[in-house]
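Numbering (the numbering used here), first residue to last: -3 to 285.
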């Protein structure tokens, strides 16, 4: 067996690192699973003396999501782990761990795992109280615009074209048919429908126009980044504000992101950072013609 028989512990450690990296990719930043050694962890397979334990099978099953258990799934996962071990051992037999490509990949994986571990360690020491979450919820709820608007539009190249369209529509022309010629192709295929919008998604001039319309009414022309628009208000409704319980998980995630950013800023403030790239030059503004 040569090298393989003399290095089972090394092969096992490399495979464990590979499993940990796979779990990191599946979970994403902020969601590393804490590894716990079970009280009873029997060996379920052995490959050239390298043991595979039940805990490894259970970890792999957990990564597949809910409903992925059962004897057949366990057997499939175990087969995959056996195949993985065979490939790890073959890589060692070929001394691929010495290649620059593998070393670079391991270094990159290690960096990402350490970044995630540092963030996890920081966030574990910072827990938000119910009062803090409710205060953030109240701040967010106060920023929700009071109304939402379901709109459709037609975009053309000139104000004159838009004025002609507006006149035709007010005389009873079919909005959906005329919308097929809109410059905004994504909405043209839907009869010009934009969908539900609120004050945050509308420009100030468009919002001012929409607020003057009643459902079914058409307004414009109005200039936008895409051209001249004719707008129809289809429906209006009070904006839905999620309950505290509905928003709680999202609020916690926002606070975690802010806390992580604060950590990075604190570290940067106490570090000596040197950047050797040349400064970005602003592109010259073309002279108006």
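Don't be surprised by glycine CBs; every beta carbon is placed ideally from N, CA and C.
Beta bridge pairing from DSSP links residue 232 with 145.
Boundaries of the alpha helix (DSSP H) harbouring residue 59: 50 to 59, taken from the DSSP string. Under the three-state reduction of DSSP output, residue 214 falls in the strand class. The DSSP assignment places no complete run of the beta strand (DSSP E) inside the stretch 246 to 283 (cut-off: 3 residues). Rounded to whole angstroms, residue 43 and residue 69 show a C-alpha spacing of 20 angstroms.
Shown here, residue 75 sits in a helix according to DSSP, grouped into three states. Going by C-alpha positions, residue 243 is about 9 angstroms away from residue 237. By the CB criterion at 8 angstroms, residue 215 and residue 179 fall outside the cutoff.
The way I'd put it, the stretch 132 to 150 does touch the stretch 181 to 199; three or more beta-carbon pairs between them come closer than 8 angstroms. With contacts defined by Cβ atoms closer than 8 angstroms, residue 248 and residue 124 form a contacting pair. Apart from the 5 residues on each side of it in sequence, residue 38 sits with its Cβ closer than 6 angstroms to the Cβ of 50 in its chain, given in chain order. In this structure, the CA atom of residue 221 is about 15 angstroms from the CA atom of residue 190. Here the alpha carbon of residue 61 sits roughly 13 angstroms from the alpha carbon of residue 73. Look at the beta carbons and you see the stretch 112 to 129 touching the stretch 252 to 259: at least three pairs across the two are nearer than 8 angstroms.
Its chain contains 142, 143, 144 as the residues whose beta carbon lies nearer than 8 angstroms to that of residue 234, once the 5 sequence neighbours on both sides are disregarded; these appear in chain order. The Cβ atoms of residue 171 and residue 228 sit closer than 8 angstroms to each other.
Taking the Cα positions, residue 260 is about 38 angstroms away from residue 203.
Contact check for residue 158 against residue 226 passes: the beta carbons are separated by less than 8 angstroms.
Beta bridge pairing from DSSP links residue 193 with 145. Per DSSP, the beta-bridge partners of residue 41 are 48.
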